[in-house]
Amino acid sequence: MSDTSRPEATLLALSPLDGRYAGKVDALRPIFSEYGLIKARVKVEIEWLLALAAEPGIGELPAFSAAAAARLHALADGFSPAHAARVKEIERTTNHDVKAVEYFIKEQLADDAELAPALEFVHFACTSEDINNLSYGLMLAEAREKVVLPAFAAIAAALRQLAHAQAGQPMLSRTHGQTASPTTLGKEIANVVARLERQIKQIGAVELTGKINGAVGNYNAHVIAYPDVDWPAFAERFVTSLGLVFNPYTTQIEPHDNIAEIGDATRRANTILIDLARDIWGYISLGYFKQRLKEGEVGSSTMPHKVNPIDFENAEGNFGIANALFEHFSAKLPISRWQRDLTDSTVLRAIGTAFGHTQVGLDSLAKGLGKLTVNPQQLDADLDAAWEVLAEAVQTVMRRHGLPNPYEQLKALTRGHGITAESMQAFVESLALPADAKQALRELTPGGYVGLAERLAKAI
Numbered sequence: 463m464s465d466t467s468r469p470e471a472t473l474l475a476l477s478p479l480d481g482r483y484a485g486k487v488d489a490l491r492p493i494f495s496e497y498g499l500i501k502a503r504v505k506v507e508i509e510w511l512l513a514l515a516a517e518p519g520i521g522e523l524p525a526f527s528a529a530a531a532a533r534l535h536a537l538a539d540g541f542s543p544a545h546a547a548r549v550k551e552i553e554r555t556t557n558h559d560v561k562a563v564e565y566f567i568k569e570q571l572a573d574d575a576e577l578a579p580a581l582e583f584v585h586f587a588c589t590s591e592d593i594n595n596l597s598y599g600l601m602l603a604e605a606r607e608k609v610v611l612p613a614f615a616a617i618a619a620a621l622r623q624l625a626h627a628q629a630g631q632p633m634l635s636r637t638h639g640q641t642a643s644p645t646t647l648g649k650e651i652a653n654v655v656a657r658l659e660r661q662i663k664q665i666g667a668v669e670l671t672g673k674i675n676g677a678v679g680n681y682n683a684h685v686i687a688y689p690d691v692d693w694p695a696f697a698e699r700f701v702t703s704l705g706l707v708f709n710p711y712t713t714q715i716e717p718h719d720n721i722a723e724i725g726d727a728t729r730r731a732n733t734i735l736i737d738l739a740r741d742i743w744g745y746i747s748l749g750y751f752k753q754r755l756k757e758g759e760v761g762s763s764t765m766p767h768k769v770n771p772i773d774f775e776n777a778e779g780n781f782g783i784a785n786a787l788f789e790h791f792s793a794k795l796p797i798s799r800w801q802r803d804l805t806d807s808t809v810l811r812a813i814g815t816a817f818g819h820t821q822v823g824l825d826s827l828a829k830g831l832g833k834l835t836v837n838p839q840q841l842d843a844d845l846d847a848a849w850e851v852l853a854e855a856v857q858t859v860m861r862r863h864g865l866p867n868p869y870e871q872l873k874a875l876t877r878g879h880g881i882t883a884e885s886m887q888a889f890v891e892s893l894a895l896p897a898d899a900k901q902a903l904r905e906l907t908p909g910g911y912v913g914l915a916e917r918l919a920k921a922i
């Protein structure tokens with residue numbers, strides 16, 4: 463693990479996640495670091511040993527006493543960075559990371575009179591991928607529940623609060639960059655909440671799968687040693703006991719489809735937030751939002767007046783890096799030559815990097831949202847300068863009452879011409895409409911032409 467307590471460590475870090483942004487990913491570091499991976503491997507190996515000892519059909523490995531089981535649990539639960547350093551020291555000799563974990567466990571338990579005779583059942587009938595796939599499943603499950611979903615939920619909650627607060631604030635829409643039928647600021651934020659929460663559900667719904675079926679997925683070693691044990695049923699009980707979903711059909715490797723799925727779901731959520739960050743960036747440029755100032759901050763090294771939307775730019779950039787990695791995971795991880803190749807191994811080690819950049823993006827976005835204040839004067843001014851947006855309303859009422867060529871009349875009035883409140887009112891007065899319909903159009907303003915936007919925003 464990176465020593466982020468030392469300033470020179472962060473200055474010399476190759477990755478910004480261990481340097482500039484180290485503090486923003488502290489919650490992920492114990493999970494996705496190499497320490498986190500080794501700790502997960504130790505847990506899987508210990509739980510496998512305990513499960514084997516509890517199986518009556520494996521007579522050479524009697525059930526452990528409570529004291530022996532407690533010692534095994536203590537080794538897994540109390541696994542420390544110092545323990546991980548010892549595993550790495552062993553790996554320098556074995557040149558094999560999972561074998562080093564096996565040797566470490568045997569080394570730690572060799573002095574126990576009850577456990578020492580059972581040590582050859584550590585890693586029994588396993589290939590390294592049996593341990594690795596379950597370890598990554600545990601890491602992903604922990605990160606999802608403790609870090610990823612809470613961080614996305616916090617953004618959704620902040621956006622919902624903004625949507626409700628600004629539900630009735632009229633805002634000029636822009637389709638194709640041109641003035642369009644008005645909305646409310648709250649409704650536009652509500653759109654994002656609805657999209658984001660759907661993807662949060664998708665992230666949470668991904669089944670994190672696992673297998674423990676040996677070198678090519680057929681329980682070859684298991685059956686030759688203990689032919690009377692129902693190994694598929696045993697494996698399923700074991701995998702589900704870890705909180706994962708059992709995958710009964712694999713080659714040597716669990717095919718990683720689940721990692722592609724959770725990466726794709728996270729990528730979609732990130733993309734929604736890129737869309738939001740760009741829109742808010744634009745609204746800040748239009749003056750719809752102001753940003754609270756922080757004493758001592760500098761917006762530009764040469765232009766003292768500037769307050770740049772840097773948090774939204776930082777969020778967009780980090781979400782983009784994360785999505786590039788997630789896209790590669792989706793394209794690469796489900797593919798393996800024949801029964802096994804090792805190209806997935808180095809790619810899997812970057813999972814924490816993808817979630818790390820996602821976390822930095824979420825942190826920056828939350829920071830940016832916290833600085834925003836709405837500028838209703840600018841929102842109202844833009845609406846008041848865009849009376850042409852009422853052309854839709856007027857021609858629709860004309861259609862209802864059977865007036866001739868309503869679309870064409872409004873097109874002639876508004877397209878390419880400056881429309882004012884007075885010119886729109888004069889046109890309405892010229893129409894042969896029922897009195898109540900004409901009166902409703904007389905009273906209509908751009909800021910009042912928002913349909914059900916306020917109701918929709920409050921309902922999110």
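Each residue of the sequence shown is one higher than the one before, counting from 463 in my numbering.
Heads up, the beta-carbon is just placed ideally off N, CA and C, and yes, glycines get one too.
Euclidean distance between Cα positions of lysine 608 and leucine 600:
Taken atom to atom, the span from the alpha-carbon of lysine 608 to that of leucine 600 is near 12 angstroms.
Using a Cβ-Cβ cutoff of less than 8 angstroms, which residues in the same chain neighbour phenylalanine 751 once the five nearest sequence positions on both sides are dropped?
If we look at phenylalanine 751 and ignore the five residues flanking it on each side, its Cβ neighbours are Ile742, Tyr745, Leu834, Thr835, Val836 and Asn837.
Leaving out five residues on either side along the sequence, give the residues of the same chain with a beta carbon under 7 angstroms from the beta carbon of asparagine 776.
Counting only residues of its own chain and dropping the five nearest sequence neighbours on each side, asparagine 776 has a CB closer than 7 angstroms to the CB of Ser826.
Between the alpha carbons of leucine 906 and leucine 479, how many angstroms are there, rounded?
Cα to Cα, leucine 906 sits roughly 53 angstroms from leucine 479.
Can you give me the C-alpha to C-alpha distance between alanine 502 and glutamate 496, rounded to a whole angstrom?
Rounded to the nearest angstrom, the two C-alpha atoms are 10 angstroms apart.
Please classify glutamate 650 as buried or exposed, where buried requires at least 16 other C-beta atoms within 10 Å of its C-beta.
Glutamate 650 counts as buried, since at least 16 other C-beta atoms from the protein chains shown sit within 10 angstroms of its C-beta.
Alpha-carbon to alpha-carbon, leucine 621 and glutamine 871:
For glutamine 871 and leucine 621, the distance between alpha carbons rounds to 41 angstroms.
If you reduce the DSSP assignment to three classes, tell me which class glycine 909 lands in.
Reduced to three states, the DSSP call for glycine 909 is helix.
What is the DSSP secondary structure of serine 703, reduced to helix, strand or coil?
Serine 703: helix per DSSP, three-state reduction.
Length of the line joining the Cα atoms of aspartate 846 and glycine 749:
C-alpha separation (whole angstroms): 15 angstroms.
Go ahead and pull the three-state DSSP assignment for leucine 634.
If DSSP states are grouped into helix, strand and coil, leucine 634 belongs with the strands.
Can we say the stretch 542–562 touches the stretch 515–523, given the rule of at least three CB pairs closer than 8 angstroms?
No, the stretch 542–562 does not touch the stretch 515–523.
Would you identify the three-state DSSP class for proline 717, choosing helix, strand or coil?
Proline 717: coil per DSSP, three-state reduction.
Should glutamate 891 be labelled buried (16 or more other beta-carbon atoms within 10 Å of its own) or exposed?
Looking at its Cβ environment, which holds fewer than 16 other Cβ atoms inside 10 Å, glutamate 891 is exposed.
Under three-state DSSP, which class holds proline 766?
For proline 766, the predicted model reports a pLDDT of 49, less than 50, meaning its position is unreliable; a value from the coordinates is still stated below. Coil, per DSSP.
Checking the sheet assignment: what are the DSSP bridge partners for threonine 646?
In DSSP, threonine 646 forms a bridge with Pro632.
Indicate whether the contact test is met: 3 or more Cβ pairs, each with one atom in the stretch 643–658 and one in the stretch 683–694, closer than 8 angstroms.
Two segments are said to touch when three or more pairs of C-beta atoms, one from each, lie closer than 8 angstroms; by this definition the stretch 643–658 does not touch the stretch 683–694.
Quick check: the Cα distance between arginine 699 and glutamine 714, rounded to an integer number of angstroms?
Their backbone Cα atoms lie some 19 angstroms apart in a straight line.
For the stretch 711–727 against the stretch 665–674, are there 3 or more C-beta pairs whose distance is under 8 angstroms?
Using a C-beta cut-off of 8 angstroms, the stretch 711–727 makes contact with the stretch 665–674, since at least three inter-stretch Cβ pairs fall below that distance.
What residues are listed by DSSP as bridge partners for valine 836?
Per DSSP, Phe751.
How far does the alpha helix (DSSP H) with proline 586 in it extend, from its first residue to its last?
For the sequence presented, residue 586 should be read as phenylalanine rather than proline. Unbroken run through phenylalanine 586: none, as it is neither H nor E.
Are there three or more Cβ pairs, one per stretch, closer than 8 angstroms when the stretch 813–823 is compared with the stretch 479–490?
The stretch 813–823 is in contact with the stretch 479–490.
In angstroms, rounded to a whole number, what distance separates the CA positions of alanine 484 and glutamate 470?
Between the alpha carbons of alanine 484 and glutamate 470 lies a gap of roughly 13 angstroms.
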